[in-house]
Structure formats: C-alpha cells, structure tokens
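Enquirer:
Residue numbers (the working numbering), protein chains in the order written: chain A, 9 to 270; chain B, 2 to 262.
So, in structure tokens, the structure goes:
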C-alpha cells in the first residue's frame, strides 16, 4: 500500500497578512515507513507536524490519512512532544500517566485489563520497575519513555514525533534513538520524526525530507539506503552514512543561505 | 563558641518559640513591677481568665459560633470562586466578559461591603456570612483563573491527542494543574475569612469571639479581652496548620517537584 498518509499543497500563515510559514508542502508517507523531517530552526517543521496531527489548521492544502481528511487528532496517530516534562502530568504516577491513554476508551476492557496493557508498555520501554514513581523523580530520558509508552498504549499506527530527544544529553539521546528504532521494527509502526539534527535524521530514518526556511518548503528528499540493522558506532562510520551526511549538510546550509543572503 | 551558637540558631526553630516565651515573661514582669494599670494585667491573670472561660464552656460556644459563620461564608466562597475561576480560565470569552468587573470589585476592602449589607440583608447571621463570602471570594477566584490560564499549550494538546472530552480534560488536566494556585487562593482567603467574621461579630452580634473580645473590653474585663485575643491567635494558627496539612496531602506532587519538601 502506498501514499497512506498524504500531505497535499499545505500552506500556513498566521493571521490574515502574516508571512507564510509553510508554502505548498506536499509529501506522502507509506505504511511502515520511517520518515524524518529536518530543517533549520524556524522553517515551520514543527508547525507542519502539528497540522499533520490535526492539532493545528492549515491555511491551504489537505492532510489525508487513508483518504480521509485529518481535521482533528486521530486515534491512529499519536503525537510525542518535545516538552516531555509538560506532556507527562506531574500529578500522576508513571502508571497513571500511561493509563490515561486508554482509561476513557470504551473498548479498552476492564480496569485490570487496562492496567496490564499499561504495564506491558512500560516493560516495552524499559520502565517496568518505575510504575509507581512520579515523573519528577525520573530523568528526562525516562520521562520521554513514559510519553512513548502512553502513546503506544493506544495502539497507534503512526507516531508523530516533534524533536522528542532534543532536550536530552547525548547518551540518553542515543539510548532513546535505539529504543525507537527497535519499537518501530517490532511493532510495525510508521514514524514521522521532526528534528533539526541531521545525524539523528540519518541514523533513524529511511528517508529524509529537508525543509528550507522562510517560507518552509521541501527542498530535498533524500533516501537513506543504510542497512536496517543500525548501531550507534557502525552506522555512523559507514561510508554511505558519511556521504549522505555531507549531502544533507550542504542541503541544509544551502537552504539557510537562501534565507539569509550574505 | 559564637560560631556554634550561630549554627544552632540557623538550624533550630526553637529560638522562635524562645522569643515568644521571652516576650510573655517581659509582659509578666512589666505588669508586676513596672506598669500598675488595669489595662495591663499580668499574663498569669489572663491565662487564669482564659482557663476559666474554657472550662465553663462559654468560650467554646463563642469559638463554635465564629467557626460556623466563617466556614459557611468561606466554603461558599471557595466553591463559587473555584467554579467561576475554572470557567473563566478555560473559556476566553467568559474571561473577557468578567475580568474587568472582577478587577473593579477586587480592590474594595471587605469591610466596605458592611454598610451595604446591613441595608440589604440586615444585621443577623446572613450579614456576617455574606460579608465573609464576599471578602473571601476574590483571592480564590483570581488565583484559580490565573492557575488555569497558566496551563501550557502542550498540556492541552496532550489532552487532545489522548482524545479527552472537555469534561475529562477538566478532571484530568485543568483541575489538577490549577490546584496549587487554587490552594494558594484558599489559604489567603482563610485568613481573610476569620478577619471578616470577627469584624462582623464586633459590629453587631450576641456571640462569637469578636463579640466576646469586644464585650470584655467594654465591660472592663481586661484579662478576658486578652484571653479573647489569645483564643483568636490560637484559633487562626490552628486553622492555618490544618490547612497546610491538607495542602501537603493534596498537592504533594507540586511541593515535591518544586523542591519545597
């Protein structure tokens, strides 16, 4: 199946006469694909992801999932926010945060079934022993794991991730990247991952879209023909990776130069 | 040596209680040896009067009279203020409609409502309850809506992606997120409610701590007057301690995450 999630001619401006943030953005995502969106800060990539998620409205164009226009958040798509400390509610325990993902779903079954399902997700992200902790007792990386568990408990087809690891230190970021790759492969997820870090984009994705700034447009589409079994050391020293990195770097800096002519 | 004392003063809270004891001793000695006036009785005489009125149950009766007036007015203020504050914080249109009115009414000192209330609801219990209610309303209302308005966009977006309805969003997000601020408003109002209850009782009443204290002064029962003030101090102190205890239970997450425990 192709063109499962389809973005067509998307444009966004804030206010009637405001400068356009996004202009004529079109791309599609296949089922099971791992797509990264990168671009310089202010290129509207986060806005784009919010529109895809149905959290924000576009000025022009459409987002379709399975042919149906997306106008508000859909159950098949879960959003993972950059600000995990806000997205995870501090007044709830880790388990209750995950449970919140399903506790109002009429088809989620009994309280016991729900709790088992929530604990399974915590197990999946390596937080089984932390169910009764409060978020502020956990590190940033662990908090973002809770957010991922809460997204997964709803059994989504698609994860929309908005710079989810950018606030973490390097080691934690590497751990979470590997966790995400594993979850993506094991659960057959589709991931749309926004980042400003081209190394992260290359390491994670099968295809990278480069957005230019002012207004945001798709400047390049770069397939990533790296083996699917990736490792922090091997992949990052693979000649293919290094070539792609140079190419992406040029594409990124080229697009910034367009915005700020010297 | 002096460093040891300084260290002890920095660590121990006993010094604060020591100061209170010292002041009471100063009062006692000055009343015995320096000032010979019926307006300045020794502390022991005040305590005597205090114990006497506590034991015969008359003081308890006044305490209860004050307590229920205060709590009824305060309780109504909390319910109304929190409900209206939640709605104002959440619904922008309601905020725009009511906020200017609130800002105009808010600076009016509570006691200024008194003459109006006497005209409209008379001088009975209703007057005191409404007086307490009006004065306690605004801290709860203001803190509640600023608490709700401070909720981050990311948190609302989270609720939306989790498919929560408006009612579920209130329950799972808005109310808990605003609860630290609601409780701050409630604590401010608690102190105000006691002030206004006492004031109402001093204006016109036949019972209550305000009445007891003022009557003692007017009938030159000076030790009783001080005993009334002692009672008020203890009463206010206990209410606040009780409140802090409840607060610590209700929003432990907030106190812990902001490093206040």
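Glycine is no exception: its CB is placed at the ideal position from the N, C-alpha and C atoms.
Just so it is clear, the structure is predicted and the values come from calculations on it, not from any experiment.
Of the residues that make up the region 85-96 of chain A, which ones have a beta carbon closer than 7 angstroms to any beta carbon in chain B?
Expert: Going along the region 85-96 of chain A in chain order, one finds 86, 87, 89, 91, 94 and 95 with a Cβ nearer than 7 angstroms to chain B.
Enquirer: Could you run through the region 139-161 of chain A and flag, in chain order, every residue whose CB is less than 7 angstroms away from some CB of chain B?
Expert: Against chain B - using a Cβ distance shorter than 7 angstroms - the residues of the region 139-161 of chain A are 142 and 144.
Enquirer: Is the beta carbon of residue 14 of chain A closer than 8 angstroms to that of residue 72 of chain A?
Expert: In the first chain, residue 72 of chain A corresponds to position 64, counting from 1. In the first chain, residue 14 of chain A corresponds to position 6, counting from 1. Taking 8 angstroms as the Cβ cut-off, residue 72 of chain A and residue 14 of chain A qualify as a contacting pair.
Enquirer: Starting from residue 108 of chain A, find everything on chain B with Cβ-Cβ shorter than 7 angstroms and list it in chain order.
Expert: Reading the first chain from its first residue, position 100 is the one you call residue 108 of chain A. Simply 163 and 173.
Enquirer: Could you confirm whether any beta carbon from chain B is found closer than 8 angstroms to the beta carbon of residue 83 of chain A?
Expert: Along the first chain, one-based indexing puts residue 83 of chain A at 75. Taking Cβ atoms only, chain B reaches closer than 8 angstroms to residue 83 of chain A, which makes this a yes.
Enquirer: In chain B, which residues lie with their C-beta within 8 angstroms of the C-beta of residue 282 of chain A?
Expert: Since the first and last residues shown for chain A are 9 and 270, residue 282 of chain A lies out of range.
Enquirer: Let me see if you follow: with CB-CB separation under 8 angstroms, is residue 155 of chain B close to chain A or not?
Expert: Within the second chain, the letter at position 154 stands for residue 155 of chain B. Yes, contact with chain A.
Enquirer: So residue 98 of chain A contacts chain B; which residues on that side make the cut at Cβ distance below 8 angstroms?
Expert: As a first step, residue 98 of chain A is located in the first chain; it is residue number 90 there, counting from the start. The answer, in chain order, is 254, 255 and 258.
Enquirer: Considering just the uninterrupted stretch of the alpha helix (DSSP H) at residue 20 of chain A, what are its terminal residues?
Expert: As a first step, residue 20 of chain A is located in the first chain; it is residue number 12 there, counting from the start. Here residue 20 of chain A belongs to no alpha helix (DSSP H); instead the beta strand (DSSP E) covers 13-21.
Enquirer: Run through chain B and tell me which residues come within less than 9 angstroms of residue 112 of chain A, C-beta to C-beta.
Expert: As a working note, residue 112 of chain A is residue 104 in the first chain. Those are 163, 164, 165, 166, 169 and 173, listed as they occur along chain B.
Enquirer: Whose CA, out of A:56, A:173 and A:117, lies closest to the CA of residue 147 of chain A?
Expert: The residue given as residue 147 of chain A occupies position 139 in the first chain. Of A:56, A:173 and A:117, the residue nearest in Cα terms is A:173.
Enquirer: What are the boundary residues of the beta strand (DSSP E) that residue 87 of chain A is part of?
Expert: For the purposes of this step, residue 87 of chain A is taken as residue 79 along the first chain, with counting starting at 1. Here the beta strand (DSSP E) through residue 87 of chain A covers 85-88.
Enquirer: Using a beta-carbon distance below 8 angstroms, is residue 177 of chain B in contact with chain A?
Expert: Taking the second chain and counting its residues from 1, one reaches residue 177 of chain B at position 176. By this cut-off, residue 177 of chain B is an interface position.
Enquirer: Where DSSP assigns a beta bridge to residue 203 of chain A, which residues make up the other side?
Expert: As a first step, residue 203 of chain A must be located in the first chain, where it is residue number 195. The partner list for residue 203 of chain A (beta bridge, DSSP) reads A:46.
Enquirer: With DSSP as the reference, please indicate the residues paired to residue 169 of chain A in a beta bridge.
Expert: Taking the first chain and counting its residues from 1, the one referred to as residue 169 of chain A is at position 161. Residue 169 of chain A is bridged to A:88 and A:201.
Enquirer: So, does the region 64-80 of chain B touch the region 245-257 of chain B, judging by three or more C-beta pairs under 8 angstroms?
Expert: Judged by Cβ distances under 8 angstroms, the region 64-80 of chain B makes no contact with the region 245-257 of chain B, as fewer than three pairs qualify.
Enquirer: Tell me, which residues are paired with residue 225 of chain A by DSSP?
Expert: Taking the first residue of the first chain as position 1, residue 225 of chain A is located at position 217. Looking at the DSSP assignment, residue 225 of chain A forms a beta bridge with A:220.
Enquirer: Going by Cα to Cα distance, which pick from A:103, A:252 and A:211 is closest to residue 187 of chain A?
Expert: Sequence index remark: in the first chain, residue 187 of chain A carries index 179 (1-based). The residue with the shortest Cα to Cα distance from residue 187 of chain A is A:211.
Enquirer: What do you get for residue 123 of chain B, buried or exposed, if any count of 16 or more other CB atoms within 10 angstroms of its CB means buried?
Expert: For the purposes of this step, residue 123 of chain B is identified with residue 122 of the second chain, where counting begins at 1. So residue 123 of chain B counts as exposed.
Enquirer: Taking all protein chains shown into account, do 16 or more other C-beta atoms lie within 10 angstroms of the C-beta of residue 190 of chain B, making it buried, or fewer, making it exposed?
Expert: Working through the second chain from its first residue, we reach residue 190 of chain B at position 189. Looking at its Cβ environment, which holds 16 or more other Cβ atoms inside 10 Å, residue 190 of chain B is buried.
Enquirer: Helix, strand or coil for residue 235 of chain A? Go by DSSP, reduced to three states.
Expert: Within the first chain, numbered from 1, the residue matching residue 235 of chain A stands at position 227. Coil, per DSSP.
Enquirer: Verify whether the separation of the beta carbon atoms of residue 195 of chain A and residue 149 of chain A is less than 8 angstroms.
Expert: Counting from one through the first chain, the residue named residue 195 of chain A turns up at place 187. Counting from one through the first chain, the residue named residue 149 of chain A turns up at place 141. Not a contact, by the Cβ cut-off of 8 angstroms.
Enquirer: Taking the alpha-carbon positions, what's the residue 208 of chain A to residue 186 of chain B distance?
Expert: Within the first chain, residue 208 of chain A is the residue found at index 200, counting from 1. Within the second chain, residue 186 of chain B is the residue found at index 185, counting from 1. In a straight line, the C-alpha of residue 208 of chain A is about 46 angstroms away from that of residue 186 of chain B.
Enquirer: Could you tell me the distance, in whole angstroms, from the CA atom of residue 257 of chain A to the CA atom of residue 233 of chain A?
Expert: Walking along the first chain from the start, residue 257 of chain A turns up at place 249. Walking along the first chain from the start, residue 233 of chain A turns up at place 225. Taking the straight line from one Cα to the other gives about 17 angstroms.
Enquirer: Would you grab the beta carbon distance between residue 216 of chain A and residue 44 of chain A for me? Rounded to a whole angstrom, and I think it's under 8 angstroms.
Expert: As a first step, residue 216 of chain A must be located in the first chain, where it is residue number 208. As a first step, residue 44 of chain A must be located in the first chain, where it is residue number 36. Yes, they are in contact, since the Cβ atoms of residue 216 of chain A and residue 44 of chain A sit about 5 angstroms apart, within 8 angstroms.
Enquirer: With H, G and I counted as helix, E and B as strand and the rest as coil, what does DSSP make of residue 31 of chain A?
Expert: Residue numbering aside, residue 31 of chain A sits at position 23 when the first chain is read from its first letter. The answer is strand: DSSP assigns residue 31 of chain A an E or B state.
Enquirer: Enumerate, from N- to C-terminal direction, the unbroken alpha helix (DSSP H) stretches of 4 or more residues contained entirely within the region 111-197 of chain A.
Expert: For the region 111-197 of chain A, whole alpha helix (DSSP H) runs of length 4 or above, ordered along the chain, are 119-132, 148-160 and 178-195.
Enquirer: Do the region 97-112 of chain B and the region 229-248 of chain B make contact, defined as three or more Cβ pairs closer than 8 angstroms?
Expert: In short, these stretches do not touch, since the Cβ pair count stays below three.
Enquirer: Just the C-alpha distance for residue 41 of chain A and residue 35 of chain A, rounded to the nearest angstrom, thanks.
Expert: Locating residue 41 of chain A in the first chain gives position 33, where the first residue counts as 1. Locating residue 35 of chain A in the first chain gives position 27, where the first residue counts as 1. Residue 41 of chain A and residue 35 of chain A: Cα-Cα distance of roughly 13 angstroms.
Enquirer: Of all the options A:202, A:254, A:50 and A:190, which has the alpha carbon lying nearest to the alpha carbon of residue 240 of chain A?
Expert: For the purposes of this step, residue 240 of chain A is taken as residue 232 along the first chain, with counting starting at 1. Residue A:190 is the option with its Cα nearest to residue 240 of chain A.
Enquirer: Considering only the alpha carbon of each residue, which of B:25, B:59, B:135 and B:60 lies closest to residue 45 of chain B?
Expert: Here the question's residue 45 of chain B lines up with position 44 in the second chain. For residue 45 of chain B, the nearest C-alpha among the options comes from B:25.
Enquirer: If I follow the unbroken beta strand (DSSP E) through residue 63 of chain A, where does it start and stop?
Expert: Here the question's residue 63 of chain A lines up with position 55 in the first chain. Element bounds for residue 63 of chain A: n/a, residue is neither H nor E.
Enquirer: Helix, strand or coil for residue 77 of chain A? Go by DSSP, reduced to three states.
Expert: As a position in the first chain, residue 77 of chain A is number 69, starting the count at 1. It is a strand residue.
Enquirer: Is residue 85 of chain B near residue 114 of chain B, with beta carbons less than 8 angstroms apart?
Expert: The residue given as residue 85 of chain B occupies position 84 in the second chain. The residue given as residue 114 of chain B occupies position 113 in the second chain. No, these two residues do not count as a Cβ contact at 8 angstroms.
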